[in-house]
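Engineer: Remember, the numbering used here sits 632 above the position in the sequence shown when you count from 1.
Take a look at the following structure, please.
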Amino acid sequence: MNKLKEYLNSHDISEIHPSDIAKILKQLDDSEFADAIKLVPSSLVGDVALALPDRYFDDVVESLSVDELSHAVTELESDDQLEFMQELGEVDESVASQVFETLDEEDKQEITKLQTYDDDEAGAYMQLEVFTAYKNEIVQDVIRRFAELRQANKLENVQNLFITGSDNKLYFTVGLDDLLIFDFSKTLNDNIELSKDSFEPKKAVDTDDIRDVVHAFEEYDLSVMPIVNAYGILVGRITSDDIYDIINEHATEQMYNLAGVDDDAEEDDEIMKAGKKRATWLSLNLFTAIAASLVIALFADTLESMVALAVLMPIVASMGGNAGTQSLTVVVRQLALRDISQGDAMRIIKKEVALSLGNGIFFAIIMGIVAAIWFDMGMIGVVIALSMVINLLAAGFFGATIPLFLKRMDIDPAIGSTVILTTVTDVVGFFSFLGLATYILL
633 MNKLKEYLNS HDISEIHPSD IAKILKQLDD SEFADAIKLV PSSLVGDVAL
683 ALPDRYFDDV VESLSVDELS HAVTELESDD QLEFMQELGE VDESVASQVF
733 ETLDEEDKQE ITKLQTYDDD EAGAYMQLEV FTAYKNEIVQ DVIRRFAELR
783 QANKLENVQN LFITGSDNKL YFTVGLDDLL IFDFSKTLND NIELSKDSFE
833 PKKAVDTDDI RDVVHAFEEY DLSVMPIVNA YGILVGRITS DDIYDIINEH
883 ATEQMYNLAG VDDDAEEDDE IMKAGKKRAT WLSLNLFTAI AASLVIALFA
933 DTLESMVALA VLMPIVASMG GNAGTQSLTV VVRQLALRDI SQGDAMRIIK
983 KEVALSLGNG IFFAIIMGIV AAIWFDMGMI GVVIALSMVI NLLAAGFFGA
1033 TIPLFLKRMD IDPAIGSTVI LTTVTDVVGF FSFLGLATYI LL
């Protein structure tokens, strides 16, 4: 806690970044945290709480009064207000209701408006604070108004001016750097008329899928995007910092899904909650493992007659599983980045099959020679070599097709792909290896 005091005393409040405070708070134990959070300037408490991992939010709520939490909300921008209130509601609905009732009417209306959107809609992530001007306004008047709003601290992180008509429909987006080289004595429309195309806005509708918005930010290298409603009326904006958070959350979710765990549960300190989520996938994996074991059981006599097969068998399954995971990971990631178009599926499948087949032949030769020398039996080298080629070929094919199929079925390709793929590679690996051994060696 002394480190936090030193940091706060050595910096002017305008220089303090919430993330720096959050880093210090994460180093404290529970007993120190409650006292330390009260040292944070009231204007930064909300930002600090959102910068901390979710598991700290309970401690923030327990350490602050309703009035302190309410003040924290009022200092946030509208999109962050919504996130803060949502997390507060998950921790304690009663406290969330009390905090909401203490807010002014404008904040209540903004939070309520943003709550009407679904989690996958662009409107749920937008800020309602925007800097706008009418087409017929004189440029110098717009700049004077902007300066007054900034001095009053009513605008933050403004990079663009959104230009509307009297009907509030969005017509143009002008960067502040472009605004400064306009003719100050003319209207915005007069300046823009010279090169309209340069100021055509890249915009999204509030009901658009947020993934489409993220893709547009990446494709056009945007720092901000205006959000309009179905009638073209400007309703808010989404900034790049929100997009970075969404990308990070989605990447984390995909990694967890590939591993068969739930990202929300893993952020929680409750062992039982995380354990139940993991157990769901482990249960499914148990049944798939039994399926693979049943394949082995079909060749029990073959295994009993030749112990060397039991020694070599896991190698085939392991190589197939790893090769399949490589293909699966690449395809899932490319789907997430939208690098694969609708007509691109066959190209991806051919590529992954070719890669797996090439690797399969290469490692089959190596393992075939090793097995033949190891057990002084040439034909056992042939068996494992053929089996490895078959299994890696299947791994590449199913590693590519499983996520593509799930995507086509409108299911997140990361969910369940690993379990399905592991089953395929185990079954194909064991069956091909033991089946070939039975046919060739016995």
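Note that beta-carbon positions come from the ideal geometry of N, C-alpha and C, so glycine has one too.
Can you give the beta carbon distance from Leu696 to Ile656, rounded, assuming they're within the 8 Å contact cut?
Structural biologist: In fact, because the Cβ distance is near 18 Å, the residues do not count as touching under 8 Å.
Engineer: Determine, using beta carbons only, whether Glu694 and Ala666 come nearer to each other than 9 Å.
Structural biologist: For Glu694 and Ala666, yes; Cβs fall inside 9 Å.
Engineer: If you follow the alpha helix (DSSP H) that Leu967 is in, where does it begin and where does it stop?
Structural biologist: 939–968
Engineer: Please report the straight-line C-alpha distance between Ala1027 and Gln741, rounded to a whole angstrom.
Structural biologist: 53 Å
Engineer: Kindly list the residues whose CB is nearer than 8 Å to the CB of Val705, restricted to its own chain and excluding five residues on each side of it in sequence; keep chain order.
Structural biologist: Gly678, Gln713, Phe716, Met717, Val731, Leu735, Asp739
Engineer: Extract the residue ranges of the alpha helix (DSSP H) inside the segment 792–859, only unbroken runs of 4 or more that lie entirely within it.
Structural biologist: Complete alpha helix (DSSP H) runs here, min 4: 808–811, 820–824, 842–852.
Engineer: Take Leu781 as the anchor and find which of Thr796, Thr764, Asn768 has the nearest alpha-carbon.
Structural biologist: The alpha carbon of Leu781 has as its nearest neighbour, out of Thr796, Thr764, Asn768, the alpha carbon of Thr764.
Engineer: Reducing DSSP to helix, strand and coil, say where Glu788 ends up.
Structural biologist: coil
Engineer: What's the call for Phe792, buried or exposed, on a 16-neighbour Cβ count within 10 Å?
Structural biologist: According to the sequence as given, residue 792 is Asn; it is not Phe. Looking at its Cβ environment, which holds 16 or more other Cβ atoms inside 10 Å, Asn792 is buried.
Engineer: Specify whether the segment 922–942 and the segment 1054–1062 touch according to this definition: at least 3 beta carbon pairs, one from each stretch, less than 8 Å apart.
Structural biologist: Enough Cβ pairs lie closer than 8 Å, so yes.
Engineer: I'd like to check one pair, Arg843 with Met857: are the Cβ atoms closer than 9 Å?
Structural biologist: no
Engineer: How about the segment 943–953 and the segment 1007–1023: do they share at least three Cβ pairs that are nearer than 8 Å?
Structural biologist: yes
Engineer: From the DSSP output, which residues share a beta bridge with Gln759?
Structural biologist: Arg869
Engineer: State the DSSP-derived secondary structure class of Tyr749, mapped to helix, strand or coil.
Structural biologist: coil
Engineer: Would you mind giving the Cβ-Cβ distance between Ile824 and Phe831, rounded to the nearest angstrom? I have them listed as a contact below 8 Å.
Structural biologist: That belief holds up - the Cβ atoms of Ile824 and Phe831 are roughly 5 Å apart, short of 8 Å.
Engineer: Hey, Leu935 and Val1015: beta-carbon distance below 9 Å or not?
Structural biologist: no
Engineer: With distances taken between CB atoms, is the gap from Arg970 to His847 smaller than 9 Å?
Structural biologist: yes
Engineer: How about Val867 and Asp841: are their beta carbons less than 9 Å apart?
Structural biologist: no
Engineer: Considering Ala779, what are the terminal residues of the alpha helix (DSSP H) in which it resides?
Structural biologist: 771–783
Engineer: So what's Tyr766 in DSSP terms, helix, strand or just coil?
Structural biologist: Looking at Tyr766 - three-state DSSP - the assignment turns out to be strand.
Engineer: Going by Cα to Cα distance, which pick from Phe1007, Val774, Asp690, Ser937 is closest to Thr1070?
Structural biologist: Ser937
Engineer: Classify Phe1075 as helix, strand or coil using the three-state DSSP reduction.
Structural biologist: Lying outside 633 to 1074, the shown extent of the chain, residue 1075 is not represented and no answer is given.
Engineer: So, with DSSP's three-state summary, where would you put Asp667?
Structural biologist: helix
Engineer: Can you give me the C-alpha to C-alpha distance between Ala929 and Gly1067, rounded to a whole angstrom?
Structural biologist: 12 Å
Engineer: With distances taken Cα to Cα, identify the nearest neighbour of Asp690 among Ile795, Leu820, Gly1048, Glu722.
Structural biologist: Glu722
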